[in-house]
Every structure is written in structure tokens, then in C-alpha cells.
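S.K.: From first to last, the protein sequence lines stand for chains R and D. Residue numbers are given in numbering that gives the first Met the number 0: position 6 of the first sequence equals residue 5, and the series is strictly consecutive. Residue numbers are given in numbering that gives the first Met the number 0: position 138 of the second sequence equals residue 137, and the series is strictly consecutive. Cβ atoms here follow ideal geometry from the backbone N, Cα and C, with glycine treated the same way.
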Amino acid sequence: MIRGETRDFLNQLARSLETAEFKLEQAYTNSDYDQFNKIKKFIIEIQKKIQEGIE
Amino acid sequence: MNKQEETLKELKILITKEVKSLREITSIYSSLEESGGNEEKTMMESQVKELKSVIRKTMEEISNTLEDMAITKPLPIVKTEYQRSSSPEPEFKSLYKINKKQINDEIEIVPKEHTTRHKIVDVEMTDLERKTIKRIKKIN
């Protein structure tokens, strides 16, 4: 991946991660089990993408 | 603060750390595009390497924390017949209290009808069977 593209990709992932963290906390506060598990899976997916981005 | 809340707080710290590292790495990438000096580039690249290792470590910590985190869905409350009815106690009839007469009155016993007839088929006896029958006859 070209450096510029990697930079944009990582920036996007960072934003998604921040949003996911906020939503995870919301789901926890509201005891929304389904949403909580969904976001948890989403964070794991983001982690995988970050791994790809920094390789 | 319970354990789950502590784990959530820990996760938030880790995610903030990772986001920070990611932002730092992207800003270094931008600087690398602009910089011309070789020495500067080498320095930045070593910084990127270091940040990558930090991110990897944080990622591992995040996945471990996520594994610990789980809010379980409570089992659905299923109302039983007993709970639905307004009567305070379910009605149980003790078997011992039902006398024989009652049973006879309540249950009508219908004899079974024979729907199939068994055919008697002539089967040839074996020698051994014949001998056995002879022996029995002698005894009697």
C-alpha cells in the first residue's frame, strides 16, 4: 500500500475505533446486550484491519 | 465500581492510547512525504517502527480486555401455567383419594377387536421334533 493511502486508511480506522468505543460504553450503560456484542465484534474487526495497515 | 466497569475503563484507556499512536503514525507519514533529508527520514522511519510495536502491544491488550468483557443476556422469564392462573395453588388430585368405583365410572373399558387372524400353517416337523414327541407320549 502506498504511504498516503496507508495514512488515510489508518486515520479512518482511528476514527472508527473512537466511535466504537463511545458506542460500546453507551450499550453497556443501557444494558443493550445485542448492541454491546455487535460493537465488541466490530472493534475486533477494526483491530484486524489496523494489523493489516501497519504491516 | 464493579469489575465490568473497571474493565470498560481499562479498555477506554487502551483505545485512546491506540488512537493516539495511530494519529502519530499518520502525521509522521505526512511529514515523511514532505521531508527531503535522508537523516530526517531515517529518524522518522525508526519512530514509525517504534510506534508500530507500541500499537501491536496495545492491540494485544485490547483483545485480552475484550475477552474479559461480557454482559450476559438474562434468561427470558417464562410464565408457567401456575403463574398465569389466578388460583393460589394448582389443583392436584391425589391418586390415593380416587377410589376404585370412581375409576370404573370414569373409564370405560372397551375390549379390543381382533383385526388380524393368525393363519395356522402346516410346518413339517423335523426328525428330532418327531422323536421328542414320541418320547413324551411314552412317558405319559
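Taking the CB atoms as reference points, tell me whether D:Met68 and D:Thr15 lie closer together than 8 Å.
M.R.: No.
S.K.: Out of curiosity, what's the CA-to-CA distance linking R:Asn36 and D:Glu23?
M.R.: Their Cα atoms are separated by approximately 30 Å.
S.K.: Please return the same chain residues whose Cβ sits closer than 8 Å to the Cβ of D:Leu65, not counting the five positions on each side in sequence.
M.R.: Within the same chain, D:Leu65 has close Cβ partners Leu10.
S.K.: Can you pull the chain R neighbours of D:Ser29, defined as C-beta to C-beta under 7 Å?
M.R.: Those are Arg6, listed as they occur along chain R.
S.K.: Would DSSP call D:Ile70 helix, strand or coil?
M.R.: Correct three-state label for D:Ile70: coil.
S.K.: Identify which residue in R:Ala26, R:Glu54 and R:Glu44 has its Cα closest to the Cα of R:Leu16.
M.R.: Here the closest residue by C-alpha is R:Glu44.
S.K.: Going by DSSP in three states, R:Ile53 sits in which element: helix, strand or coil?
M.R.: In this structure, R:Ile53 counts as helix in the three-state DSSP scheme.
S.K.: Mind the definition here: the region 3-15 of chain R touches the region 23-40 of chain D only if three or more C-beta pairs lie below 8 Å; say whether that holds.
M.R.: Touching, yes, given that three or more Cβ pairs across the two stretches are closer than 8 Å.
S.K.: Helix, strand or coil: how does DSSP classify D:Glu123 here?
M.R.: Three-state DSSP puts D:Glu123 in coil, outside helix and strand.
S.K.: Determine the extent of the alpha helix (DSSP H) in which D:Asn27 is found, giving its start and end residues.
M.R.: The sequence given here places Ile at residue 27 of chain D; Asn does not occur at that position. Residues Lys2 to Glu33.
S.K.: Just how far apart, CA to CA, sit R:Lys40 and R:Gln46?
M.R.: In a straight line, the C-alpha of R:Lys40 is about 10 Å away from that of R:Gln46.
S.K.: Taking the alpha carbon of R:Gln11 as the point to measure from, which residue in D:Val18, D:Glu39, D:Leu13 and D:Val47 has its own alpha carbon closest?
M.R.: Checked all of D:Val18, D:Glu39, D:Leu13 and D:Val47; the closest Cα to R:Gln11 is D:Val18.
S.K.: Go through its chain and collect everything with a Cβ distance to R:Ala19's Cβ below 8 Å, but skip five positions before and after it.
M.R.: Excluding residues within five positions, the ones whose Cβ falls inside 8 Å are Ile38, Phe41, Ile42 and Ile45.
S.K.: Any beta carbon from chain D within less than 8 Å of R:Asn10's own beta carbon?
M.R.: Interface residue, yes.
S.K.: Provide the residue span of the alpha helix (DSSP H) that contains R:Gly3, from first to last.
M.R.: Counting along the chain, the alpha helix (DSSP H) containing R:Gly3 begins and ends at Arg2 to Thr28.
S.K.: CB-CB under 8 Å to D:Met43, same chain, minus the five flanking residues each way: which ones, in chain order?
M.R.: Excluding residues within five positions, the ones whose Cβ falls inside 8 Å are Ile27, Ser30, Leu31 and Ser34.
S.K.: Using a beta-carbon distance below 8 Å, is R:Phe41 in contact with chain D?
M.R.: So no, R:Phe41 is outside the interface.
S.K.: Tell me the DSSP secondary structure of D:Asn37 in three-state form.
M.R.: It is helical.
S.K.: Classify R:Asp31 as helix, strand or coil using the three-state DSSP reduction.
M.R.: DSSP places R:Asp31 in coil when its eight states are reduced to three.
S.K.: Find out if the Cβ-Cβ distance for the pair D:Ile54, R:Ile53 is shorter than 8 Å.
M.R.: It is a contact, given that the beta carbons lie within the stated cut-off.
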